[in-house]
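Written below as C-alpha cells is the structure these notes are about.
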Amino acid sequence: MGSTAWAADPGAPPTPVHPVSQTYHGVRVTDPYRWLENSDDPKVIAWSAAQNQRTRAYLDHLSQRQVIFDRLMAAYRAQSPSYSDFHLAGGHVFAQAMLPPHQQPVVGVMNGDASPKTFRTIVDPNIIDPSGQTAIDWSVPSPDGRLLAVSLSRNGTEDGTVHVFDTKTGRETADIVPRAQYPTAGGSLAWKSDSSGFWYTRYPGDERPEADRHFYQQVWYHRLGTPVSQDVYVAGRDFPKIAEIALDNYGVSQNANAVLISVEDGDGGRFQQYVINQKTGQVTRISDFDDRVVAAAIGPDDHIYLVSRKNAPRGEILEASVDHPAVADAKRLIAQGDGVIMGGAEFGGAPVIATRDALYVREMVGGPSRVSVFSPDGKPKGDLPLPSVISVSDVTPISHGDMLVSFNSYLTPHQVMRYRPRTGKLKATPLSSTSPISFADCEAVRATATSRDGTRVPMTVIRRKGTERDGQNPTLVYGYGGYGISETPRFLGAWMRAWLDAGGVYVDTNLRGGGEFGATWHEDGALTHKQNVFDDFAAVSRQLIADGYTSPTRLAALGGSNGGLLMGAAMTQTPELYRAVVSLVGIYDMTRIELDPNGEFNVTEFGTVRDPAQFRAMIAYSPYQAVRPGVKYPAVFMATGTHDGRVNPAQSRKMIAKLQADTASGYPIYLSISDKAGHGMGSAVNVRLGQTADYVAFLFDQLGMKL
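Each number in the numbering used here corresponds to the 1-based position in the sequence shown with 10 added.
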C-alpha cells in the first residue's frame with residue numbers, strides 16, 4: 011500500500027511511498043521509492059519536473075549565481091586555445107583544440123614541429139551542430155595523415171558513431187561505422203599501417219536482444235570504401251560480457267607489423283593483452299587476467315613493453331617481442347621502483363612511450379607524477395626536468411626525435427613543453443595555455459591525515475598565502491577514491507579563484523581506491539574494503555578541523571560519480587562534519603546499481619549482491635539504506651543528467667526523495683536534472699559552466715560566502 015511522504019525539508023515536493031521489499035542472504039531490504047526508477051513513468055517525469063522547478067527557483071534567486079556564471083564565462087572566453095591529445099601521423103601533428111568561445115573542442119592538424127600558427131581545423135562539431143550538443147568522443151589519424159577517424163555523439167550520451175574525414179579538405183567520406191562507442195565499455199580504433207582500413211570496437215546490433223547491446227564488445231575490421239555489412243570479425247567472442255577494449259594503446263604507436271588489444275574485465279583493474287599481426291590478421295594472447303599485466307606498448311623495433319604488477323604492486327616493465335609476445339617468454343627490463351608506473355585504465359593514457367632511442371615511463375608519486383627515462387636496454391637515464399606537484403598527461407613523439415610533454419598543475423594552466431633528447435632540456439612552446447586567472451597569491455601545500463586503521467592519507471591544501479587557521483575558513487574538500495583512478499593536479503581555474511577570493515580553502519584528497527600508490531592502494535579501497543575510502547575522507551575532514559582550517563559549520567564536501575557514492579557515505583556516516591554537500595551524478599543504492607548496464611561493469615570494483623560477503627560489505631555502507639528519520643543531514647545539492655549512460659539518474663532521484671523525507675536539520679535538499687547532459691563528458695561549455703555556477707552558488711549561500 012502506498013502513502014505520501016510530506017518532506018521534512020520545507021518546500022520540497024511530497025513524494026509518494028510505495029514500499030518494495032527484497033531479501034538478500036537472509037537480510038530484508040525495503041525500498042520506499044522503487045517507483046522512481048522508471049524514467050518513462052509520467053508520475054516520475056512530473057516529480058522530476060517539480061524537483062527541477064524548485065531547485066531552479068532557488069538558484070535563480072541567489073544574487074551571486076549569475077555573477078559567478080558571468081565570471082566563469084568571461085574567464086573561459088579570455089583564455090587562450092588549449093591543445094591536447096597529440097598524434098604524429100604522415101609527418102604532421104594532429105591535436106584536439108579548445109578554441110574559445112566555441113562550445114565544443116575541434117580536431118585539427120599542425121606541421122611536424124607542432125606550431126599552433128599552422129593549426130588547421132579538420133572537424134568542427136560547432137559547425138556540424140551549432141547547438142553545441144554534438145561532441146567528439148575521440149579521434150585517430152591514419153598513419154599517412156590523409157584521413158581522420160572521429161567518434162561523434164550527442165547530448166552527452168557518449169553513444170558514438172565513427173565518421174572518416176579527408177584531412178586536406180575536411181570533407182566527410184562515405185565510411186560511417188555505427189556502434190563503436192558507448193559509456194559502458196568506451197570505444198577505440200587503430201589504423202592499419204597502410205591506411206587502407208582500421209580495427210575498431212563494436213557493440214552488438216540486431217543480432218542480439220536489446221538488453222545485450224551495451225555489452226559483449228568485440229574487435230572488428232573495416233576496409234575503407236566497403237559497406238559496414240562487409241566488416242570482418244577479429245576478436246572478442248570469448249571475452250567477458252563486461253570486456254572494455256582499448257586498441258593500439260591509445261594510438262601512441264603506429265607499428266607497421268602489429269596492433270595491441272587491451273581487454274579490461276569491467277572496471278576492476280584486471281586486464282588481458284593481445285597482439286594482432288598486421289600481415290596475417292592472426293590474434294595472439296600476450297597475457298591473461300591473472301598475469302597482472304595492466305598495460306602494454308609496442309616500440310618501433312617490434313619490442314613489446316608490458317607493465318606488470320604481479321608481485322610488483324607499483325609496477326615493473328617486462329620486454330617481449332611481436333614474434334614471441336607471451337608474457338611467459340618476456341624478460342624483466344625495468345624493476346619496480348619508488349614510483350608507480352601508470353596502468354591502462356580508461357582515463358589513464360599511455361604509461362610507456364617507446365622510441366628508437368629511449369623509453370619514457372609515466373609514473374605516479376602519491377598524486378603528482380613524473381616521467382622517468384630509460385635506454386632501450388632498461389638502463390635509467392634520469393627524469394625529465396619537470397616542475398614538482400604536476401600531472402603529466404601526454405608524452406608524444408614529434409619531428410627530429412623530439413617529444414611534446416603536456417602537464418597540469420593546480421595553480422598554472424595546461425603547459426606543453428618540447429623535450430630535446432640531444433640536449434636533455436625542456437623548452438616552452440606556444441601550445442601552452444594562458445588564462446586571465448592568476449594564483450600568484452596562492453599556494454598548494456601537501457599534508458596528511460591518519461585514517462581509522464592508521465593509514466596515512468595524503469591531501470593537497472590550496473589556500474591564499476597567509477591564510478589564518480582560526481577555524482573560520484569556508485573549506486571545500488574533494489574526493490573520489492575508486493577504480494584505481496588517481497587524483498592528480500589540474501588547473502583549478504575561475505571557479506576556484508572565486509572560491510579563494512571569498513575566503514575559501516580547497517582540499518584535494520588522495521584516498522585509497524585510487525592508484526596513487528599502486529595496486530595495493532587501489533585494492534584496499536575496493537570490493538569488501540570500500541569502507542576504507544569513506545574512513546580516509548572522514549579522517550581528512552577531521553584533520554582540517556583539528557588543524558584550524560575550518561569547523562563543521564564551515565566545511566563542505568564535493569564529489570561526483572564514484573565520488574558521489576563517497577558523498578552519500580560522508581553525509582550518512584558523518585553528517586555532523588559537514589554543513590553542505592555537493593554530489594554530482596552519484597551512486598547511492600548499492601543493491602540496485604548492478605541492474606543497470608554500466609552497473610554490471612562496476613561489479614569488479616564494488617562487488618555484487620549475489621555474493622554474501624560482498625553484499626554484507628555493500629549494504630553496510632550503501633547510502634540510500636543508511637538514511638534515517640530524525641538525523642540532521644547537511645544541506646545537499648545533487649545534479650544528474652537525463653542522458654547519463656554511466657550512472658542511472660534514478661540513483662539521484664531515490665536518494666533525494668529519502669533525504670527530503672527524513673532530514674531533521676532544516677537545511678534544504680535540492681536536485682537538479684539536466685536534459686542537455688549525461689555523465690559530464692561531451693557537454694557544451696555553457697552547460698558545464700552553468701552546472702558549476704549552480705553548485706558554487708549553492709555553497710556560497712549555505713556557507714555565507716560573498717565575492
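Don't be surprised by glycine CBs; every beta carbon is placed ideally from N, CA and C.
What would DSSP say about residue i, mapped onto helix, strand or coil?
i      : result
Asn121 : coil
Met718 : The structure shown does not extend to residue 718, since the chain spans only 11 to 717, so no value can be given for it.
Leu396 : coil
Asp704 : helix
Lys664 : helix
Phe501 : coil
Tyr680 : strand
Arg552 : helix
Pro26  : strand
Pro193 : coil
Leu257 : strand
Phe129 : coil
Tyr210 : strand
Arg295 : strand
Pro310 : coil
Which residue from the options puts its Cα closest to that of residue i?
i      : options                           : result
Gln228 : Ala549, Glu254 and Trp505         : Glu254
Thr498 : Ser401, Ala268, Glu610 and Ala345 : Ser401
Ser561 : Asp480, Pro639, Ala266 and Arg626 : Asp480
His28  : Met715, Thr167, Ala667 and Gln482 : Ala667
Pro423 : Tyr429, Gly411 and Ala450         : Ala450
Cys452 : Ala671, Ser416, Ala649 and Asp511 : Asp511
Glu329 : Val317, Pro323, Phe104 and Ala322 : Val317
Pro622 : Ser448, Gln191 and Val37          : Val37
Gly664 : Arg324, Pro26 and Val77           : Correcting the residue identity first, residue 664 is Lys in this sequence and not Gly. The residue with the shortest Cα to Cα distance from Lys664 is Pro26.
Lys127 : Ser141, Ala107 and Asn136         : Ala107
Arg319 : Ser403, Lys341, Trp209 and Val350 : Val350
Gly464 : Ala438, Asn542, Ala454 and Val426 : Asn542
Val269 : Thr470, Ala338, Ala694 and Asp333 : Asp333
Gly325 : Ala18, Gly528 and Pro219          : Gly528
In whole angstroms, what separates the C-alpha of residue i from that of residue j?
i      : j      : result
Met11  : Pro23  : Residue placement at Met11 is flagged as unreliable, the pLDDT there being 49, under the threshold of 50; the coordinate-derived value follows with that caveat. Straight-line Cα distance between these residues: approximately 20 Å.
Thr144 : Ile138 : 8 Å
Gln32  : Thr40  : 6 Å
Leu605 : Gly596 : 15 Å
Leu669 : His224 : 32 Å
Ala536 : Phe544 : 11 Å
Pro193 : Ser571 : 13 Å
Ser684 : Gly651 : 5 Å
Tyr315 : His653 : 38 Å
Tyr226 : Arg189 : 12 Å
Gly261 : Val150 : With a pLDDT of 47 at Gly261, under the threshold of 50, the modelled position of that residue is not reliable, and no figure is offered here.
Ser416 : Tyr93  : 9 Å
Gly513 : Asp51  : 45 Å
Leu486 : Gly569 : 10 Å
Lys202 : Tyr231 : 9 Å
Arg720 : Ile55  : No information on residue 720 is available, as it lies outside the stretch 11 to 717 that the chain covers here.
Val383 : Ile327 : 13 Å
Ser749 : Gly122 : This structure cannot speak to residue 749, because the chain is shown only from 11 to 717.
Pro214 : Asp222 : 7 Å
Ala307 : Asn136 : 34 Å
Residues in the same chain with beta-carbon distance under 6 Å from residue i, minus the five sequence neighbours each way, listed in chain order, please.
i      : result
Thr131 : Val116 and Gly118
Met628 : Met600 and Gly617
Pro250 : Asp275
Thr406 : Phe96 and Leu414
Phe710 : Gln74
Ala459 : Val467, Ala549, Val550 and Gln553
Pro310 : Arg366
His35  : Pro622 and Phe625
Pro91  : Ala107 and Leu109
So does residue i have its beta carbon nearer than 8 Å to some heavy atom of the ligand NAP?
i      : result
Val402 : In terms of ligand content, the structure shown is empty, and the ligand NAP therefore cannot be addressed.
Can you find a CB in chain C that lies within less than 9 Å of the CB of residue i?
i      : result
Met665 : In summary, chain C is missing from the structure at hand, where a single protein chain is found.
Might you give, ordered along the chain, the residues of its own chain that have their beta carbon closer than 7 Å to the beta carbon of residue i, omitting 5 neighbours on each side?
i      : result
Val697 : Ser684, Lys686 and Ala687
Arg233 : Ser206 and Gly207
Leu699 : Phe79, Leu82, Met83 and Tyr86
Keeping to the same chain, check which residues put their C-beta closer than 8 Å to that of residue i; ignore five residues upstream and five downstream.
i      : result
Arg156 : Gly100, Asp176, Thr177, Lys178 and Ser205
Pro607 : Thr194, His224, Phe225 and Gly655
Whole beta strand (DSSP E) elements within the segment 62-105, 3-residue minimum: 92-99
Note down, one range per segment and in chain order, each beta strand (DSSP E) of at least 3 residues found wholly within the segment 134-198. 144-151, 157-164, 170-176 and 182-191
Going along the chain, which unbroken runs of the beta strand (DSSP E) with 3 or more residues stay wholly within the segment 513-571? 515-519 and 565-570
Residue ranges of each alpha helix (DSSP H) run of no fewer than 4 residues wholly in the segment 223-255, ordered along the chain? none
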